[in-house]
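**Student:**
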Amino acid sequence: MGAGTPYALVATRSRAGVVGRWTARRCRAGLDGVLADLDRAGEPCPVPGEAAGNGFTWDAVDRDDPNWWPQGVASVRSGDVLIVSWYAKGRGPGGAGGTRISVVDLTDRDHPRYRHVLLLAPRRLPWFPTMGTVRVHAGGIAVCGDLLYVADTVLGVRIFHLGDVTRVHRSRRSGHTYVLPQLTTFRVPLGSGRGRLRHSFLSTGDVAGRPNLVVGEYRRKGGSPRLARYPLDPGTCLPAVDDSGRVAPLAVHERQPDRMQGAAVHGSSWWVTASAGEGVAGDLYVGSPGEWVRHRGVLPTGPEDLGWSRPGEELWCVSEWPGRRWVFTVDTRRRPGAGH
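In the numbering used here, each number is its position in the sequence shown, counted from 1, plus 1173.
1) For Asp1283, tell me which candidate among Val1257, Asp1253, Arg1273, Arg1296 has the shortest Cα-Cα distance.
2) Between the beta-carbon of Cys1490 and the beta-carbon of Val1316, is there less than 8 Å?
3) What are the boundary residues of the alpha helix (DSSP H) that includes Thr1377?
4) Return helix, strand or coil for Ala1324, following the three-state DSSP convention.
5) Taking DSSP as the reference, what is the three-state secondary structure of Arg1131?
6) Kindly identify the DSSP beta-bridge partner or partners of His1514.
7) What residue from Pro1473, Leu1457, Ile1274 has the CA that sits closest to Val1466's CA?
8) Output yes or no for whether 8 Å exceeds the beta carbon distance between Val1192 and Pro1295.
9) Which stretch, first to last residue, makes up the alpha helix (DSSP H) that contains Pro1191?
10) For Thr1230 and Ser1482, what's the separation of their Cα atoms in angstroms?
11) Below 8 Å between beta carbons: does that hold for Ala1224 and Arg1340?
12) Taking only heavy atoms of the ligand FAD into account, decide whether any of them is closer than 7 Å to the Cβ of Val1249.
13) Can you say whether Thr1303 is buried or exposed, counting buried as having 16 or more other CB atoms within 10 angstroms of its CB?
14) By DSSP, does Val1207 sit in helix, in strand, or in coil?
15) Look up Pro1404 in the DSSP assignment and give the residues it is bridged to.
16) What residues in its chain sit with their C-beta under 8 Å from that of Asn1385, if we drop five residues either side in the sequence?
17) Look at the alpha carbon of Leu1208 and the alpha carbon of Val1338, and state the distance between them as a whole number of angstroms.
18) In this structure, does DSSP put Asp1237 in helix, strand or coil?
19) In this structure, how does DSSP classify Leu1370 when only helix, strand and coil are distinguished?
20) Short of 7 Å in beta carbon distance, which residues of its chain neighbour Tyr1180, apart from the five on each side in sequence? Order them along the chain.
21) For a test of the three-state rule: what should DSSP assign to Leu1423, helix, strand or coil?
22) Which residues does DSSP pair with Asp1456 in a beta bridge?
23) For the region 1472 to 1481 against the region 1448 to 1457, do three or more pairs of beta-carbon atoms, one drawn from each stretch, fall closer than 8 Å, so that the two count as touching?
24) Please state if the CB of Ala1311 and the CB of Ser1258 are separated by a distance shorter than 8 Å.
25) In terms of residue numbering, what span does the beta strand (DSSP E) encompassing Trp1231 cover?
26) Quick check on Ser1251: does DSSP put it in helix, strand or coil?
27) Look at the alpha carbon of Gly1318 and the alpha carbon of Arg1367, and state the distance between them as a whole number of angstroms.
28) Starting from Gln1429, follow the beta strand (DSSP E) in both directions and report where the run begins and ends.
29) Taking buried to mean at least 16 other C-beta atoms within 10 Å of its own C-beta, is Thr1505 buried or exposed?
30) Based on Cα-Cα distance, which residue from Trp1499, Pro1221, His1334 lies nearest to Thr1409?
31) Classify Pro1243 as helix, strand or coil using the three-state DSSP reduction.
32) Is Val1352 buried or exposed, if buried means 16 or more other CB atoms sit within 10 Å of its CB?
33) I'd like the span of the beta strand (DSSP E) that includes Tyr1180, first residue to last.
34) Whole angstroms are fine: how far does the CA of Cys1200 sit from the CA of Val1183?
35) Where do the ends of the beta strand (DSSP E) carrying Ala1294 lie?
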């Protein structure tokens, strides 16, 4: 375990002013505006895996789409609403691509409904500010208050304010009616070198009664993956910066499980998903960094991010492979002494 400077995140300038001016010229809808205008329906279904609980799959198009791949999952409103992130492997039809989220209404879990929202980031051209498409893997997301955290593998953490969701004219290029502009970022320092932490996924959880941001990296066998915890300010839900504008990690755990895809923490207990390729059931690790019990093959193939809807009770996961894309709860009753 270590907490050295190379793992610190650096706060960048907030773009709240730019975002405010941009949304003021359009129709600012917020999360409630999207929930009032859902255009797709999911399907409740059984999910394979001993540790997989109730879940649903997407509509026929999203279930099999070879371009858009689901990755991250987060919850708001105690599980009545889920947010799932997707990344585009290519630019897709008409040049579309980037990163999007799906806002899923689960107030009636027998009839899930949802809509996609495209993520944007401010760009400054020589004559005026504009918005460009965010193109990141978005392997993990989290919500704290009204802030959406999105993992950027190389840059660090991108942060969006859910109240900034904006309705725009649906374009042939993007195919999205709703967009969400980026508020700010917390970057990995450029001088971190080759040992810099990859921000493959992230989540939020309470440790010792304080909100934490958990970051982890995906690496194949022999890559010595790491997990790190950062403090969040309970008042603002932003990372807690020091006088130098940096966010120092509370802990860094090295030599963690290979092929990690998501991690969740509550108190002293951790849960980690790990994948093993298409068609191979995923693993669930339970315990704490350095003291894991591996539950082999208890998750569906391609398990990704983890996110709490009710901390310590209801934990959600998402799987990525076309034709086998599920959003499902994970059995948190599996404890370290019950591994196999």
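Built from N, CA and C at the ideal position, the CB exists for glycine as well.
Quantities reported herein were computed from a predicted structural model and do not represent experimental measurements.
**Tutor:** Taking the geometry as given:
1) Asp1253
2) no
3) Here Thr1377 belongs to no alpha helix (DSSP H); instead the beta strand (DSSP E) covers 1374 to 1380.
4) strand
5) In the structure displayed, the chain extends from 1174 to 1513; residue 1131 sits before or after that span and is not available.
6) One cannot answer for residue 1514 here, as it falls past the ends of the chain, which runs 1174 to 1513.
7) Leu1457
8) yes
9) For the record, residue 1191 in the displayed sequence is Val; it is not Pro. Per DSSP, Val1191 belongs to the alpha helix (DSSP H) from 1189 to 1197.
10) 18 Å
11) no
12) The ligand FAD is not part of the structure shown, which contains no ligands of any sort.
13) exposed
14) helix
15) Asn1385
16) Thr1377, Gly1378, Asp1379, Arg1402, Tyr1403, Pro1404, Leu1405, Leu1423, Val1438
17) 11 Å
18) helix
19) coil
20) Leu1370, Ala1401, Pro1422, Val1425
21) coil
22) Ala1447
23) yes
24) yes
25) Premise fails: Trp1231 is in no beta strand (DSSP E) and is neither H nor E.
26) helix
27) 34 Å
28) Element bounds for Gln1429: n/a, residue is neither H nor E.
29) buried
30) His1334
31) strand
32) buried
33) Careful: Tyr1180 lies outside any beta strand (DSSP E) and carries neither H nor E.
34) 32 Å
35) 1286 to 1297
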